[in-house]
Structures are given as C-alpha cells and as structure tokens.
Amino acid sequence: MKIITPERPLEISDDLEVKQFGISSSAKFYKILSDGLYSSKIRAVIRELSTNAYDSHVENGNPDKPFEVHLPIWTDRTFWIRDYGTGISPEKFSKLYTWYGESDRDQSNEFTGCQGLGSKTPFCYHSRCFNVESWWNGEHYLYSCFFNKQGIPSWTLIDEQKSQEPSGVKISFTTAQYDEGVFHREAKSIYQYFKVQPEINAVTLERPTYVLKGNRWALRDNSNSSFAIMGQVAYPIDLEESISPLVKNIIDSSFDIFFETGELDIETSREGLSYDNRTINSIKKKLREIGSEITQILENKIRGAKSLWEARCFFNKLYDTLPVDIFKTAQFDKIKWNGQVLFDGMGNHVKLNTLPTEFKLHVFRKNKWRSSIGCNFTHTIIPSTDIELYEIDLKTGYKGRAKDRCKEVDKDVYIASFPDSKVREDFLDTLGVNGEVDKVLKKVSTLPRVIQTTRGGSFREPTTEVMKFNPDGTSPTRYWINDKRKVSEGGIYVEWKKYRVKYKGKFIESAILSRIISHLTHAGVSIPIIYGIKVANIKEFNKSKKWTNFFKWAEEKLKETEDKIDICQIINDKIIINELDRRNYLNNEVSYDLIEDISRCIVDTDINEFIDNVNTIRKGVKDWDKANSCIQLRLLLQLPKLEGDIIKRDIDQDLQKLRSKYRLFYIFRDRHLESVSNHILLYVNAVNGGVE
C-alpha cells in the first residue's frame, strides 16, 4: 500500500547547519516496535501474517489460491501460516525481511502491507520466537527468529536443502496452553472479510450476513457499529470531531463500508485508522453518499404510489420489511414522491398544526399494557394502512362508535371535526389525499351505533378480554399477554387473577403452570393455546361446553401417556443402571456394541442371557424422559403415587458371572474399549478355545 507523505516545504537559510534525528537500535526500542504497538497480540499476529500471505499470492500471480492456516488445538498447539507466493531469497531475508521499517510493497496499492513491521508480529506473542521456512528457487531454507540475551531481535539459518515443494513461506510458533480459544475466535473474526479465505482447521469460516447492499457498502443484520473495510481488514470508525446527526447515525448503525487500498490512513499498529484530514474527509464523503443512496432506495420503494398519502403509507409500511438502521440513516426531509417532500424534518408523521384552532382531531388508541381504550387530542397523524380516519357528522354518539371500532379492529381510529369545507380541503391536502377521498376519510355515521342495554351500559362486541399464556415468559407479568376471545370459540382455560392461576381451590404461581406445560411437552403432548379467564368472567366460561379447564385436560393427557409406557418398570430399570459402576459396561454405547459383538462371535449362554437382559432394559429406558416427566407431573398436579408390578432383573449378578469366566474384563474401562475392542474379542475366543 502506498504511504502518503505530506510535503511541507520549508525555506532554511544556507548559513544554518542542518542535522537529522536518529533512531536507537536499543532493546527498549525494539520492544516498542515488536510488542508495544499492539493491544491485541494474537489478533495482530493472525492479521499481519495473513495479509502478508495474501500479498505474496498477489505478487506471485495466484491471488485466487487460498493460503493455509493451522490453528492451535488441544493435541497440537502449533500455529502456522503457509503461503504459496514468491518465497523469500536469502538476500531478501537478510536485507529486507529482518529489517524493521523495510518493505517492498509500499509503492503499490495492490498490496496491503507497507510498513515493514507485520512480519515481526510473532515477536509480540509471549513466546518471543518463531520459525520461518522459505521455499525459493528449488531450495528450502529454515530460519529461527528470537530475542538474544541483550533483548535484540536476532535470527539464524538452521537448515538449507533442495526441495520440490512449491514456492512460498511458512511462519510457525508454539502457543501457550489455553490460548486455543482466542486464536479460534480471532481467526473467525479476521477472515470473514478476506477475498479468498484460507484453508483452515478447527473452525468454520463465515461471511458477514447482509440485509442490504449498495455502492461499496453493505448493511449487516446485527451489531451496532460500522466498520471501514480496507485491504481486507475491518477498522472501527471513530470520528471524534463534530459530525452531523446523519453521519453519526450511520456510524452507530451496522454498515460495512468498503474503501480502496490507500484511500484511508492507518495507525502503525493497523489496529485502527489514523484520522488525518484526508482520512476524515474520505469517510465523511462516503457516509454522505450512503445517506443519499439510501434516500434514493426508499424513493424507489414508494414510486408506484397513486397519491402522496399512499406514498406515505407505503413508506411507513417499509418499517415492517426493512432493517431499522435504514431509517436511522435516511434523509427524511429529502425523500420525495413526484417531486413532493414526503415528510418535514426527521420523522414519519404529518403535522397538522397549520390548520385553524377550530379544527379538532382525536385519536382512539389501545393501551399496549392494558386492554383499555384511550382517547387523546393530537396534532399529528402517522400515515398507515393500519389506521382509520373518520369525519364527525353526528352531534352525539360519535366517540362511542369510534371507541368500539378501535376495540373491534385493534387499530388507531382518528375522528376529525371540521368547522367548514375549506378546512376539510386543507386537511386532505396536507395529508396528500388526491381522489378516492371516501376510502381514506369516512363518515362516523357509517359505524354501527352503540346499543344501550336496560342498565344503561353498552354491549355490542361479543368478545371478552382474556389473557393468553406465553410459555417463553420469564416473570409473572411476562407469562401473560392481553387478548380477546369469544365464548363461542371455545378453548383451554385457567381461572386467572393477578397473574396467578387457580388449581384445587388455591391460586398458584404462573411459573408452576409453565413447569407443568414443560413436562407435558417432554412427555410428548402437544400443547394448545391456554387462556387465562379473569375471575369476573369465569362463570360464563364454566357454563360453556366448548371450554375445558387446563388442569382437567392435563390430567387426561397424563393418563393417556401413562397407558402407553410401563413407568414403574422403567423407573426400576433406570435405578439398576444408575447403581452400576461405569466400568460395568452399561452406560456407554461402545460397551453395549462390544458385548453384542462378543455374543455374535461365540456361543455362550451366560453372555447371551446378559445381552438379552441388557437389551430389554435399554429398550425401556429409552422412554425415561417421558416416564420422568410423568412422575414430575404427578407431583405438580398433586396426584397419588403411581403403583404397578415390575420384573426384577439382576444385571449385576449376570455381570459377575462374565467377569469370573473372563478375568480380563476387570481391567478395562470405557475409555479403553474403542482402541482394544479387537483384542477383547480375540481374548474371549481364546478363553473359549477359539484361538490356538
């Protein structure tokens, strides 16, 4: 990568003596260059060595060929990277590779490297030493790089020999125990942006998932920060100086912004960007371009609208289909439909405060946390297909009709009062309604009028406010969701009061209900929607034959499950297995398979009897989860303990017979079985005279 060095011409008198600064080659200075630059050592090593490997492939003319990476694992803690680039000649190794600040890739933006420091990053890892292998011109060179006793980076040639291997370089060093996870995590993070991902062990590399792409930018589906991607490396964007709200919103979103190599300046460590004026201006320019492009994308989405009102409704509908970050970065005051600005300022609503004070607008809206309907005076409307607008053309009863309509359709219902036709026209013009006015603004009189009962109350909607159980809830208030239900619809219910449910005359915590549902699920029972009926309405639901109490239903389902499996026998067999030590070949699938193999190889009554008993137990214990859930359900539902006949099987005694005959069985443990199974079979055959 080309390094831009700003020219600062300075006129100096010829009479003045000019001297240059120097650099000390002390151990302290080398430590700064090798170690002090990097806050994340492992990430630095992987990043720098990997970009060097890719650059070498570019230089060698094979950029599409993946280099190889070996991440440390528990059985092999070596980290290495092997590329198939040009290799390093002995002269280049001694005069370029091992010199700090020397680089032959700082004259072209085809390469990522430029500073002559990346190849030394293995020194920042705590081992402070690494090996370099170079295949060049049919020769293989092995170098060892280390800090000498004086703390100065040093190297030595260990081996040189002929080789048929393809050209390239391999860097390797041994990692510390327990660092494996850090290497794996950092590698997955770094390589997601590489054009050609390496061949790698231990992890599966992925690409970022994008929900929207533009001109050299893409929006991720998660995260809350944007990155500048340059030279296959992701740099966090951190503009500290004064920036516009639009630019800040883009930075705080989830954008990956792609820059050409050399377009931005970077820190010496390459852990972040260096914010000189050129870099800041490049970032700001790109961010403004993104804002304009997103604005154009949104305009294209609403282009097919027939009116400004419909365009506004289409736009707000996009909130359900596009990521929220799109709207955080859009220039709302510049989004247009047919040359008309969609909204004034930041927001997705229409302001009506320019209309005269005689104009009145009320909105009926359902409370999110309660079932009540609220009515408020407002000066704004959020255009949407999920709202209804009505014009007041009645002297009385219009609020009751609007309230009932809000309850029925579960939408915001607006009612407007116009002092004259001119204000009405201005209202429609402000909303952007052109033609088909009756479809947008209807008469309140078209709504059903509220029917008064003999007690003076109103009853029109045959639904009841209920609570719907949420099995994913984590607290009493989150277990329940407001809902509506007709008595005639039927269902499964519990009596509900203050987030508790009634069972056997007492109100119990909803968490107990959740546990019952969980155990029913594990027992293989499909769970229907469960409704909580408030105490005030319970009599009406109890009378209906279409509604079934949940606890009665749960007991019936428990009985059906218990009839299908022999729970008492399963419990007994489970106890037998749990009481046997693991060395008894009963808790390991490999052990079962081995003994079955033995029974097929020889005729032995004791073994066959043992296998028959074990297989019978295994078959029953497979239903242990269901059986255990049934046991727990009986406890939760306060039902009597289940009793039944069981068949007793003395597996332990059968096993002792086998051990007495085949004494070698005493030695083996489950961890041995896969590696010595063939030897065990030979041994059993030998005992039975099958081997000479």
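Here my numbering is used: the first residue of the sequence shown is 509, the next is one more, and so on. Glycine is no exception: its CB is placed at the ideal position from the N, C-alpha and C atoms. Being a predicted model, the structure only gives us computed values, none of them experimental.
Endpoints, alpha helix (DSSP H) assigned at residue 677: Residue mapping note: residue 677 aligns to position 169 of the sequence shown, counting from 1. From DSSP, residue 677 is part of no alpha helix (DSSP H) but of the beta strand (DSSP E) over 676-682.
Close-in-space but distant-in-sequence residues of the same chain around residue 551 (CB under 6 Å, 5 per side omitted): The count along the sequence shown starts at 1 and reaches residue 551 at position 43. Closer than 6 Å at the Cβ level, and outside the excluded window around residue 551, lie 694.
Residues near residue 799 by beta carbon distance below 6 Å, same chain, minus five either side: As a first step, residue 799 is located in the sequence shown; it is residue number 291 there, counting from the start. Correct list, in chain order: 754, 837 and 839.
Inter-stretch contact (C-beta, 8 Å, three-pair minimum) for the region 817-825 and the region 859-871: no
Pairwise C-alpha distance: residue 697 and residue 732: In the sequence shown, residue 732 corresponds to position 224, counting from 1. In the sequence shown, residue 697 corresponds to position 189, counting from 1. The alpha-carbon atoms of residue 732 and residue 697 are separated by roughly 16 Å.
Buried or exposed by the 16-neighbour rule on C-beta atoms within 10 Å, applied to residue 664: If you number the sequence shown from 1, residue 664 lands on position 156. Flag for residue 664 reads exposed.
Cβ-based neighbour list, residue 522, same chain, cut-off 6 Å, excluding 5 preceding and 5 following: As a first step, residue 522 is located in the sequence shown; it is residue number 14 there, counting from the start. Contacts found: none.
Euclidean distance between Cα positions of residue 1165 and residue 1141: Translated into positions along the sequence shown, residue 1165 becomes position 657. Translated into positions along the sequence shown, residue 1141 becomes position 633. If I take the Cα positions, the gap works out to 40 Å.
Backbone CA spacing between residue 934 and residue 819 [nearest angstrom]: In the sequence shown, the residue the question calls residue 934 occupies position 426. In the sequence shown, the residue the question calls residue 819 occupies position 311. Using only the alpha carbons, I get a separation of about 18 Å.
Expected contact under 8 Å - CB spacing of residue 767 and residue 782 to nearest Å: The count along the sequence shown starts at 1 and reaches residue 767 at position 259. The count along the sequence shown starts at 1 and reaches residue 782 at position 274. The Cβ separation is near 13 Å, so there is no contact.
Alpha-carbon spacing of residue 1083 relative to residue 1062, whole angstroms: What you label residue 1083 is simply residue 575 of the sequence shown in a count that begins at 1. What you label residue 1062 is simply residue 554 of the sequence shown in a count that begins at 1. Approximately 27 Å between the Cα atoms of the pair.
Sequence-distant residues of its chain with Cβ nearer than 7 Å to residue 716 (five each side left out): Numbered from its first residue, the sequence shown carries residue 716 at position 208. So the list reads 700, 728 and 764, once near-sequence residues are dropped.
Residue 775 in three-state terms, based on DSSP: Taking the first residue of the sequence shown as position 1, residue 775 is located at position 267. Residue 775 falls in the coil class under three-state DSSP.
Distance CB(residue 671)-CB(residue 639) smaller than 8 Å: Within the sequence shown, residue 671 is the residue found at index 163, counting from 1. Within the sequence shown, residue 639 is the residue found at index 131, counting from 1. Result no, Cβ atoms of residue 671 and residue 639 do not sit closer than 8 Å.
Residues sharing a beta bridge with residue 1005, DSSP: One-based indexing of the sequence shown puts residue 1005 at position 497. Paired residues: 1008.
Cutoff 8 Å; reference residue 760; Cβ partners in own chain excluding five residues on either side: Along the sequence shown, one-based indexing puts residue 760 at 252. Answer for residue 760: 732, 733, 734 and 836, listed in chain order.
Closest residue to residue 903 among 885, 951 and 777 (Cα-Cα distance): Taking the sequence shown and counting its residues from 1, one reaches residue 903 at position 395. Of the candidates 885, 951 and 777, the one whose C-alpha sits nearest the C-alpha of residue 903 is 951.
Integer Cβ distance of residue 881 from residue 915, believed to fall under 8 Å: Along the sequence shown, read from residue 1 onward, the residue named residue 881 stands at position 373. Along the sequence shown, read from residue 1 onward, the residue named residue 915 stands at position 407. Contact flag correct, Cβ pair sits at about 6 Å.
Where residue 811 falls, given that 16 or more other Cβ within 10 Å makes a residue buried: Position 303 of the sequence shown, counted from the start, is the residue given in the question as residue 811. Per the 10 Å Cβ criterion, exposed.
At least three beta-carbon pairs within less than 8 Å, the region 584-595 to the region 652-660: no
Assigned secondary structure, residue 808 (DSSP; H/G/I helix, E/B strand, else coil): Position 300 of the sequence shown, counted from the first residue, corresponds to residue 808. Helix at residue 808.
C-beta contact flag for residue 1069 and residue 1032 at 8 Å: Against the sequence shown, residue 1069 aligns to sequence position 561. Against the sequence shown, residue 1032 aligns to sequence position 524. Yes. Within cutoff.
Residue burial classification, residue 1177 (beta-carbon count within 10 angstroms, cutoff 16): Start at 1 with the first residue of the sequence shown, and residue 1177 comes out as number 669. Its pLDDT being 48, under 50, residue 1177 is placed unreliably in this model, and the value from its coordinates should be taken loosely. Exposed, by the Cβ-count rule.
Where residue 757 falls, given that 16 or more other Cβ within 10 Å makes a residue buried: Locating residue 757 in the sequence shown gives position 249, counting from the first residue. Residue 757 is buried by the Cβ-count criterion.
Which listed residue (899, 848, 1030 and 549) has its alpha carbon closest to that of residue 868: Within the sequence shown, numbered from 1, the residue matching residue 868 stands at position 360. Nearest option by C-alpha distance: 899.
Which residues DSSP lists as bridging residue 661, in chain order: On the sequence shown, position 153 is the one that residue 661 refers to. Paired residues: 655.
Cβ contact (3+ pairs, closer than 8 Å) linking the region 564-576 and the region 529-548: no
Reference residue 606, options 595, 995 and 627, closest by Cα: Looking up residue 606 in the sequence shown gives position 98. Among 595, 995 and 627, the Cα nearest to that of residue 606 is on 627.
Backbone secondary structure at residue 522 - three-state DSSP: Along the sequence shown, read from residue 1 onward, the residue named residue 522 stands at position 14. Coil.
Other residues of its chain near residue 886: CB distance less than 6 Å, five sequence neighbours each side excluded: Stepping through the sequence shown from its first residue, residue 886 is reached at position 378. Same-chain partners within the cutoff: 869 and 871.
Residue 1208 classed as buried or exposed, judged by whether at least 16 other C-beta atoms fall within 10 angstroms: Outside the modelled stretch of the chain, which goes from 509 to 1200, sits residue 1208, for which no answer is possible.
Buried/exposed call for residue 1092, threshold 16 Cβ in 10 Å: Locating residue 1092 in the sequence shown gives position 584, counting from the first residue. Caution is warranted here: a pLDDT of 46 is assigned to residue 1092, below 50, making its placement in the model unreliable, and the coordinate value is therefore given only provisionally. By the 10 Å Cβ count, residue 1092 comes out buried.
CB contact flag (residue 726, residue 772, <8 Å): The count along the sequence shown starts at 1 and reaches residue 726 at position 218. The count along the sequence shown starts at 1 and reaches residue 772 at position 264. No.
For residue 669 and residue 692, the rounded distance between their alpha carbons: The residue given as residue 692 occupies position 184 in the sequence shown. The residue given as residue 669 occupies position 161 in the sequence shown. If you take the alpha carbons of residue 692 and residue 669, they lie about 34 Å apart.
Per-residue DSSP class, three states only, for residue 799: Along the sequence shown, read from residue 1 onward, the residue named residue 799 stands at position 291. Here residue 799 sits in helix by DSSP.
Status (buried if at least 16 other CB within 10 Å, exposed otherwise) for residue 1036: As a working note, residue 1036 is residue 528 in the sequence shown. Classification for residue 1036: exposed.
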